[in-house]
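Enquirer: One structure, pasted below without further comment.
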Amino acid sequence: MIFVVQLLSAPADATPPLPRRTRLAPSPTGALHLGNARTFLINWLLARQNGWQILLRIEDLDGPRVKVGADQQAIEDLQWLGLDFDYGPIFQSARQSTYTAAVDELLRCGTAYPCICSRREVEQAASAPHAEDGATIYPGTCRDRFASVAEAQAISGRPPAIRFRVPDRKIRWTDRFAGEIKYDPARQLGDFVISKTIDQAAYQLAVVIDDAGMGITDIVRGDDLLDSTPRQLLLYNGLGLQSKIPSYWHFPLVIGSDGRRLAKRHGDTRLAHFREMGVPAERILALMGQWLGIDRTGGAISLRELQQAFRLESVPRAAITLTASDEAFLLDGPSKTVK
Ligand code: GLU
Numbered sequence: 274m275i276f277v278v279q280l281l282s283a284p285a286d287a288t289p290p291l292p293r294r295t296r297l298a299p300s301p302t303g304a305l306h307l308g309n310a311r312t313f314l315i316n317w318l319l320a321r322q323n324g325w326q327i328l329l330r331i332e333d334l335d336g337p338r339v340k341v342g343a344d345q346q347a348i349e350d351l352q353w354l355g356l357d358f359d360y361g362p363i364f365q366s367a368r369q370s371t372y373t374a375a376v377d378e379l380l381r382c383g384t385a386y387p388c389i390c391s392r393r394e395v396e397q398a399a400s401a402p403h404a405e406d407g408a409t410i411y412p413g414t415c416r417d418r419f420a421s422v423a424e425a426q427a428i429s430g431r432p433p434a435i436r437f438r439v440p441d442r443k444i445r446w447t448d449r450f451a452g453e454i455k456y457d458p459a460r461q462l463g464d465f466v467i468s469k470t471i472d473q474a475a476y477q478l479a480v481v482i483d484d485a486g487m488g489i490t491d492i493v494r495g496d497d498l499l500d501s502t503p504r505q506l507l508l509y510n511g512l513g514l515q516s517k518i519p520s521y522w523h524f525p526l527v528i529g530s531d532g533r534r535l536a537k538r539h540g541d542t543r544l545a546h547f548r549e550m551g552v553p554a555e556r557i558l559a560l561m562g563q564w565l566g567i568d569r570t571g572g573a574i575s576l577r578e579l580q581q582a583f584r585l586e587s588v589p590r591a592a593i594t595l596t597a598s599d600e601a602f603l604l605d606g607p608s609k610t611v612k
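Quick note, the sequence shown lines up with residues 274 to 612 if you use our numbering.
Right under this line is the structure:
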């Protein structure tokens, strides 16, 4: 809609507006499960219904957690469901020099600083307040403590992490699905790590550099990342990239019957597992469709049909619970499903 308004209001000689673009950004730290699949599907459906371009970005920076082959597996899983993309795959691990240049710049202007506190020290700091989710808020021990990264390293004997200096300013944005969101980052989040060492970018920084550099206008993801957004908005400002701030769309996650987000404890919910069991992609899409407010009575739906039937207004506002009946539906088909 916004796109149309821009087109209509553009003067005849103006350069045409850039196309809107989104990204599918799997982290190859494990296999895609039904919950990831639903979020990627929503992202893809929004893009294809609205004419956005899609870029595939593999977020493989989390060294110890990255699993060999999980990147290829994610690409195969997406292809199996029919979720195609226009650019990529682009690997974050190949872009470290860009991230390091940004860290240098933030350090130079004092927006970031070296920190030698270990995770344990932060957790044990008596003065450290706690966030709503129980995470410790960094108490600012190393703010204004060192003149340089080299000095911090000389004192601690190991390369320091780099933290972003969070200003004392409230943040609000209108999320395209979650609505009006407000944060007080200094109190709720605290100074956060943007680089684990000077040349090992952390997620928050890499994602902003990439989204801005790759022309991403719409970020669609699970609402477990809602509290990353204020951090990322601060980074857009800190890096002088305000004009590149995208629209955000945060969707609730799929949870198990215990109310916790889908994980190994809920059994094997990987797409690859269902594929190996001979479950057709159209049946997975039928379950996904139900999770998007589209009836699955037929037991199978094609991606094209989903694309026609998908309505943002019908997407449930609350988290989706994966039930035993959903799993029976996937493994046995609609006939055995108790509704
Ligand atoms: N790679 C992240 C994940 O798999 C997504 C990051 C994002 O969408 O900003 O959770």
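Beta carbons are placed, not taken as given, at the ideal position from N, Cα and C, and that holds for glycine.
Could you pull out every residue in the same chain whose Cβ sits closer than 6 Å to the Cβ of residue 587, ignoring the five residues on either side in sequence?
Expert: As a first step, residue 587 must be located in the sequence shown, where it is residue number 314. The answer, listed in chain order, is 566.
Enquirer: Would you list the residues sitting across from residue 448 in a DSSP beta bridge?
Expert: Against the sequence shown, residue 448 aligns to sequence position 175. Paired residue(s): 452.
Enquirer: Report the start-end ranges of each beta strand (DSSP E) in the stretch 326-407 that is 3 residues or longer and not cut off at the edges.
Expert: 326-331, 360-364 and 385-388
Enquirer: Does the Cβ of residue 299 lie closer than 7 Å to at least one heavy atom of ligand 1?
Expert: One-based indexing of the sequence shown puts residue 299 at position 26. The answer is yes for residue 299.
Enquirer: Do residue 595 and residue 539 have their CB atoms nearer than 8 Å?
Expert: Within the sequence shown, residue 595 is the residue found at index 322, counting from 1. Within the sequence shown, residue 539 is the residue found at index 266, counting from 1. Yes; because the gap between Cβ atoms is below 8 Å, this pair is in contact.
Enquirer: Alpha carbon to alpha carbon, how far is residue 394 from residue 432? Give it in angstroms, no decimals.
Expert: Looking up residue 432 in the sequence shown gives position 159. Looking up residue 394 in the sequence shown gives position 121. Distance between the alpha carbons of residue 432 and residue 394: 16 Å.
Enquirer: Taking the alpha carbon of residue 442 as the reference point, which residue from 524, 374, 506 and 410 has its own alpha carbon closest?
Expert: What you label residue 442 is simply residue 169 of the sequence shown in a count that begins at 1. From the listed residues 524, 374, 506 and 410, the smallest Cα separation to residue 442 is found for 506.
Enquirer: Would a C-beta distance cut-off of 8 Å place residue 343 and residue 302 closer than the cut-off?
Expert: Within the sequence shown, residue 343 is the residue found at index 70, counting from 1. Within the sequence shown, residue 302 is the residue found at index 29, counting from 1. Taking 8 Å as the Cβ cut-off, residue 343 and residue 302 qualify as a contacting pair.
Enquirer: Counting Cβ pairs closer than 8 Å, one from the stretch 321-329 and one from the stretch 354-368, do we hit at least three?
Expert: The stretch 321-329 vs the stretch 354-368: in contact.
Enquirer: Spatial neighbours of residue 308 within its chain, please: CB distance less than 6 Å, with the 5 preceding and 5 following residues excluded, ordered by chain position.
Expert: Here residue 308 is taken as the residue at index 35 of the sequence shown, counted from 1. Excluding residues within five positions, the ones whose Cβ falls inside 6 Å are 526, 527 and 535.
Enquirer: To the nearest whole angstrom, what separates the beta carbons of residue 558 and residue 544, a pair I think is in contact under 8 Å?
Expert: For this step, residue 558 is matched to residue 285 along the sequence shown. For this step, residue 544 is matched to residue 271 along the sequence shown. With a Cβ gap of about 11 Å, residue 558 and residue 544 do not count as contacting.
Enquirer: Does the beta-carbon distance from residue 313 to residue 356 come in below 8 Å?
Expert: Along the sequence shown, read from residue 1 onward, the residue named residue 313 stands at position 40. Along the sequence shown, read from residue 1 onward, the residue named residue 356 stands at position 83. Closer than 8 Å, so yes.
Enquirer: Any heavy atom of ligand 1 within a distance shorter than 7 Å of the CB on residue 376?
Expert: In the sequence shown, the residue the question calls residue 376 occupies position 103. In this structure, residue 376 has its CB at a distance of at least 7 Å from all heavy atoms of ligand 1.
Enquirer: Could you tell me which residues DSSP puts in a beta bridge with residue 597?
Expert: Position 324 of the sequence shown, counted from the first residue, corresponds to residue 597. Per DSSP, none; premise fails for residue 597.
Enquirer: Residue 456 and residue 444 - do their beta-carbons sit closer together than 8 Å?
Expert: Within the sequence shown, the letter at position 171 stands for residue 444. Within the sequence shown, the letter at position 183 stands for residue 456. Yes. Within cutoff.
Enquirer: Using the beta-carbon count (16 or more within 10 Å), is residue 597 buried or exposed?
Expert: Translated into positions along the sequence shown, residue 597 becomes position 324. Residue 597 is exposed by the Cβ-count criterion.
Enquirer: Comparing alpha-carbon positions, which option in 500, 304, 592 and 436 lies nearest residue 349?
Expert: The residue labelled residue 349 in the question sits at position 76 within the sequence shown. For residue 349, the nearest C-alpha among the options comes from 304.
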